[in-house]
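Counting from 1, position 52 in the sequence shown corresponds to residue 57 in this note's numbering; the numbering is continuous, with no gaps.
Down below is the structure, laid out as structure tokens.
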Amino acid sequence: LKNKSAKAELLVFVLGGPGSGKRTLCERLAADFGLLYIDARNIIKDEVEKGSQIGVKAAEMMRDGMIMPTELTIEAIRSKVSRSKEKKCLINGFPKDPSQIALFEKHAQPCDLVLY
């Protein structure tokens with residue numbers, strides 16, 4: 006992962022079970038407080054549709070039937086944060102398991118808050 010300088014001023018992981026209202030909560034908080042909302046479930050798909058360097062790499066992996074590495078999702082999140090004028094963000098659907106937290110902190114930055 007390349008540019009570690011693309012950091013959020015505030016980074017919040019929004020976690021919960023399916024149907025618990027994570028997306029609705031994120032959409033409302035983003036609208037009410039001007040936060041960047043990142044849906045981890047769609048971020049790779051968005052990169053593929055844009056044809057970005059991350060998207061090309063992801064498309065090749067999907068075509069070859071490979072599992073998407075966590076590092077690629079982290080790179081896509083960091084890229085979105087770096088392109089956004091808003092540096093306070095909510096991330097919905099990431100991490101999926103505790104091992105991803107350590108990878109995120111290593112390759113991006115520590116999380117400031119978790120909403121569950």
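C-beta: ideal position from N, C-alpha, C; glycine also.
None of the values given here were measured: they were computed from a predicted structure.
Handout entry: Between the CA atoms of residue 21 and residue 7 - distance to the nearest angstrom
Key = Taking the first residue of the sequence shown as position 1, residue 7 is located at position 2. Taking the first residue of the sequence shown as position 1, residue 21 is located at position 16. Confidence is the limiting factor: at residue 7 the pLDDT is only 47, short of 50, which leaves the residue's position unreliable, though a coordinate-based value still follows. About 30 Å.
Practice task
State yes or no: is the C-beta of residue 84 within less than 8 Å of the C-beta of residue 59?
Solution key: Start at 1 with the first residue of the sequence shown, and residue 84 comes out as number 79. Start at 1 with the first residue of the sequence shown, and residue 59 comes out as number 54. Judged by their CB atoms, residue 84 and residue 59 are nearer to each other than the 8 Å cut-off.
Problem - Status (buried if at least 16 other CB within 10 Å, exposed otherwise) for residue 18 - result: In the sequence shown, residue 18 corresponds to position 13, counting from 1. Flag for residue 18 reads buried.
Practice task
Pair every Cβ in the stretch 41 to 55 with every Cβ in the stretch 93 to 111, then say whether three or more of these pairs are closer than 8 Å.
Solution key: yes
Exercise for the section: Counting only runs of 4+ residues fully inside the stretch 26 to 106, write out the alpha helix (DSSP H) ranges in chain order. Expected result: 27 to 38, 45 to 55, 58 to 68 and 75 to 88
Handout entry: Cα-Cα separation, residue 39 to residue 103
Key = Residue 39 sits at position 34 when you count from the first residue of the sequence shown. Residue 103 sits at position 98 when you count from the first residue of the sequence shown. Rounded to whole angstroms, residue 39 to residue 103 spans 28 Å at the Cα level.
Handout entry: For residue 20: DSSP bridge partner residues
Key = Within the sequence shown, the letter at position 15 stands for residue 20. Note: residue 20 sits in no beta bridge, so no partner.
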